[in-house]
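Numbering (the working numbering), first residue to last: 361 to 572. No residue lacks a Cβ here, since even glycine has one placed at the ideal position from N, Cα and C. Here is the structure we will look at.
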Amino acid sequence: MIPAVLAVMLGAAPVFAQAAGQQPAPKPAAPATQAPAQPAPAQQPPAAQPQPPRPFPEGAKIAYVQLPLIAQNSTEGKAASARIQELQSKKQVELQEKNKSLQAAQQKLTSGGTVLNDQARAQLEKDIERQQREIQFAQQNAQAEVQDLTADLQEQFRQKLVPILNQIGEERGLHFIFSAGDAGFIYANPGLDLTQEVIKRLDTRATAAPKQ
């Protein structure tokens, strides 16, 4: 018997930041005449849940998964989201501290009036410009760090996910497993949805894996 050909279509890696209800990226420093705005508290929306599994259609050769749900509801996906959120929160705090220092300097310049001599005022203005540049640079670095970590975790997640999809495909004799969000489906039999089975196997593998 010729082995079934399995094509796993992963057109878009799960975006853990969105799946976890992440805080927004750090805001740049406010202009010198305006105090920096404080970010609103992050709201954690409830994770969407996959639908109860339906019987898999007998003889079916195709199936699909919902990658965002796998990222949101699997142990591996939740752990990745938590790591990204932790880094993002850390960078938020760092930038807030820099903004406080900048705001204090701006306030000193504004309230100094005629108290400051020309030399002191010029020095303070230079210090404000320096802090603004440092905040902009820190923001860019923070965004790059979050993006790099997200990309690294997505690749690690993909490396764990693909073998499970291949295993399920071989067991069921499938020709294709589609990513529902990328395939442009108008209708699909819910019984073809393997999302819950993939989450279950991912969690089982995560539990069985030795701790690092």
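DSSP three-state call for residue 380: helix, strand or coil?
Indexing the sequence shown from 1 puts residue 380 at position 20. Low confidence applies to residue 380: its pLDDT is 46, below 50, so where it sits in the model is not reliable enough to give any reading.
Through-space distance from residue 429 to residue 567, alpha-carbon basis
Here residue 567 is taken as the residue at index 207 of the sequence shown, counted from 1. Here residue 429 is taken as the residue at index 69 of the sequence shown, counted from 1. Distance between the alpha carbons of residue 567 and residue 429: 19 Å.
For residue 314, which residues of its own chain have a beta-carbon under 8 Å away from its beta-carbon, when the five flanking residues on both sides are left out?
The structure shown has nothing for residue 314, since the chain only spans 361 to 572.
Would a C-beta distance cut-off of 8 Å place residue 435 and residue 562 closer than the cut-off?
Position 75 of the sequence shown, counted from the first residue, corresponds to residue 435. Position 202 of the sequence shown, counted from the first residue, corresponds to residue 562. Yes, the pair counts as a contact, with Cβ atoms nearer than the cut-off.
List the endpoints of the continuous beta strand (DSSP E) containing residue 423.
For this step, residue 423 is matched to residue 63 along the sequence shown. That run of the beta strand (DSSP E) goes 422 to 425.
Residue 517 versus 458, 420, 427, residue with shortest Cα-Cα distance
Position 157 of the sequence shown, counting from 1, holds the residue named residue 517. Nearest in C-alpha terms to residue 517, of all of 458, 420, 427, is 427.
In terms of residues, what are the limits of the alpha helix (DSSP H) holding residue 495?
Translated into the one-based positions of the sequence shown, residue 495 becomes position 135. Element bounds for residue 495: 478 to 532.
Residue from 480, 425, 446, 564 with nearest C-alpha to residue 544:
In the sequence shown, the residue the question calls residue 544 occupies position 184. In this structure, 425 is the residue among 480, 425, 446, 564 with its C-alpha nearest to the C-alpha of residue 544.
Candidates 564, 547, 514, of which the one nearest residue 441 by Cα
For the purposes of this step, residue 441 is identified with residue 81 of the sequence shown, where counting begins at 1. Among 564, 547, 514, the Cα nearest to that of residue 441 is on 514.
Mark residue 465 as exposed unless 16 or more other C-beta atoms lie within 10 angstroms of its C-beta, in which case mark it buried.
To locate residue 465, count along the sequence shown from 1; it is residue 105. Answer is buried; the Cβ neighbour count reaches 16.
Using the C-alpha atoms, what's the distance from residue 462 back to residue 488?
For this step, residue 488 is matched to residue 128 along the sequence shown. For this step, residue 462 is matched to residue 102 along the sequence shown. If you draw a straight line from the Cα of residue 488 to the Cα of residue 462, it is about 6 Å long.
Under a three-way DSSP split, which group does residue 542 fall into?
Taking the first residue of the sequence shown as position 1, residue 542 is located at position 182. DSSP places residue 542 in coil when its eight states are reduced to three.
Enclosing alpha helix (DSSP H) for residue 564 [first to last residue]
Taking the sequence shown and counting its residues from 1, one reaches residue 564 at position 204. Counting along the chain, the unbroken alpha helix (DSSP H) around residue 564 starts and ends at 555 to 568.
Do residue 455 and residue 502 have their C-beta atoms within less than 8 Å of each other?
Counting from one through the sequence shown, the residue named residue 455 turns up at place 95. Counting from one through the sequence shown, the residue named residue 502 turns up at place 142. Yes, Cβ-Cβ distance for residue 455 and residue 502 is below 8 Å.
Compute the Euclidean distance between the alpha carbons of residue 508 and residue 448, then round it to the nearest angstrom.
For the purposes of this step, residue 508 is taken as residue 148 along the sequence shown, with counting starting at 1. For the purposes of this step, residue 448 is taken as residue 88 along the sequence shown, with counting starting at 1. Per the coordinates, the alpha-carbon of residue 508 lies some 12 Å from the alpha-carbon of residue 448.
Distance check for residue 559 and residue 393, CA to CA, integer angstroms please.
For this step, residue 393 is matched to residue 33 along the sequence shown. For this step, residue 559 is matched to residue 199 along the sequence shown. Summary for residue 393: the model assigns pLDDT 43, below 50, so the residue's position carries little reliability; its value from the coordinates is reported in the next sentence. Those two C-alpha atoms are separated by around 51 Å.
In whole angstroms, what separates the C-alpha of residue 524 from that of residue 547?
Along the sequence shown, one-based indexing puts residue 524 at 164. Along the sequence shown, one-based indexing puts residue 547 at 187. Roughly 25 Å between the two C-alpha positions.
Sub-8 Å separation of residue 531 and residue 413 beta-carbons
Within the sequence shown, numbered from 1, the residue matching residue 531 stands at position 171. Within the sequence shown, numbered from 1, the residue matching residue 413 stands at position 53. The answer is no: Cβ separation not under 8 Å.
Buried or exposed (CB count within 10 angstroms, at least 16 for buried), residue 482:
Indexing the sequence shown from 1 puts residue 482 at position 122. Classification for residue 482: exposed.
DSSP-derived helix/strand/coil call for residue 414:
Along the sequence shown, one-based indexing puts residue 414 at 54. Taken through DSSP and simplified to helix, strand or coil, residue 414 comes out as coil.
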